[in-house]
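These notes are about the structure you will find just below.
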Amino acid sequence: MLSNPLTQESTAAARICVSDISHRYGERLALNHLSFDVRPAEIFGLLGPNGGGKTTLFRLLSTLLPLQSGSATIAGLDLASQAREVRSLIGVTFQSPSLDGKLTVWENLKHQAHLYGISGGLLRERIASVLQHLGLTERKQDLAESLSGGLKRRVEIAKGLLHSP
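All the letters of the sequence shown, read from the start, carry residue numbers 62 to 226 under this note's numbering.
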């Protein structure tokens with residue numbers, strides 16, 4: 062008898078746990094006592110109108126903003142006290158492009174790898190792996206500014222995957 066892996070995983074501990082988070086920008090309330098859990102293998106979407114707090118939540122979960130109230134964990138790590146460890150577990154790709162157009166795809170990825178402390182043979186291995194995985198191997202010597210929007214997005218995703226989150 063086959064079992065549903067999603068059902069099996071639903072009893073596992075939450076990978077993301079948000080508890081009673083509120084966040085303000087001055088007088089403007091962006092998040093108001095938000096709580097939710099995301100379990101392993103669960104597909105979770107975040108929908109809402111412009112100004113609804115989605116970007117604020119993303120910035121909090123990626124440790125770009127400090128928690129003002131409430132608590133959150135990712136893989137059991139506390140965002141407030143273990144931000145560095147959390148960042149090592151997650152891959153982040155921003156909506157706004159962060160590529161240096163005057164550098165090649167390879168050079169952009171090399172720069173990102175150095176930010177994660179990746180160098181030498183591991184650097185070459187990781188870059189080759191993400192390039193292959195995202196179908197960018199043939200474009201590694203192209204200047205970022207020459208890429209289409211879709212290819213730039215793939216390079217951005219590659220940057221988020223370099224440290225094997």
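Idealized CB from N, CA, C, for every residue including glycine.
For residue i, which option in the options has the closest C-alpha, if you only look at C-alpha atoms?
| i | options | result |
| --- | --- | --- |
| Leu-223 | Gln-193, Leu-208, Leu-212 | Gln-193 |
| Gln-143 | Val-153, Leu-125, Ser-159 | Leu-125 |
| Asp-197 | Cys-78, Lys-213, Ala-136, Leu-122 | Looking at the sequence itself, residue 197 is Leu, so the reference to Asp does not match. Nearest C-alpha to Leu-197: Lys-213. |
| Glu-195 | Gly-221, His-172, Leu-176 | According to the sequence displayed, residue 195 carries Leu and not Glu. For Leu-195, the nearest C-alpha among the options comes from Gly-221. |
| Val-99 | Leu-107, Lys-163, Thr-165 | Leu-107 |
| Leu-92 | Asn-169, Pro-110, Pro-101 | Pro-110 |
| Ser-159 | Ile-151, Gly-152, Asn-169 | Asn-169 |
| Thr-116 | Leu-138, Thr-165, Thr-134, Arg-85 | Arg-85 |
What does the Cβ neighbour count give for residue i, buried or exposed, with the cut at 16 atoms within 10 Å?
| i | result |
| --- | --- |
| Leu-140 | buried |
| Gln-173 | buried |
| Glu-217 | buried |
| Gly-181 | exposed |
| Ser-64 | Annotation note: pLDDT 37 at Ser-64 (below 50); position unreliable, coordinate value reported separately. Result: exposed. |
| Leu-90 | exposed |
| Leu-176 | exposed |
| Arg-215 | buried |
Taking only the alpha-carbon atoms, compute the straight-line gap between residue i and residue j and give it to the nearest angstrom.
| i | j | result |
| --- | --- | --- |
| Arg-187 | Asp-203 | 18 Å |
| Ser-83 | Glu-199 | 46 Å |
| Leu-122 | Leu-128 | 9 Å |
| Arg-185 | Leu-208 | 22 Å |
| Ala-74 | Ser-80 | 14 Å |
| Arg-148 | Pro-226 | 9 Å |
| His-94 | Lys-163 | 44 Å |
| Lys-201 | Gly-113 | 38 Å |
| Leu-183 | Gly-210 | 28 Å |
| Ser-132 | Ala-189 | 38 Å |
| Thr-165 | Ala-205 | 5 Å |
| Leu-138 | Leu-150 | 10 Å |
Checking the sheet assignment: what are the DSSP bridge partners for residue i?
| i | result |
| --- | --- |
| Phe-97 | Val-79 |
| Leu-90 | Arg-85 |
| Asp-139 | Thr-134 |
| Leu-204 | Thr-165 |
Could you tell me whether any Cβ in chain B is nearer than 8 Å to the Cβ of residue i?
| i | result |
| --- | --- |
| Arg-187 | Absence of chain B from the displayed structure is noted, only one protein chain being present. |
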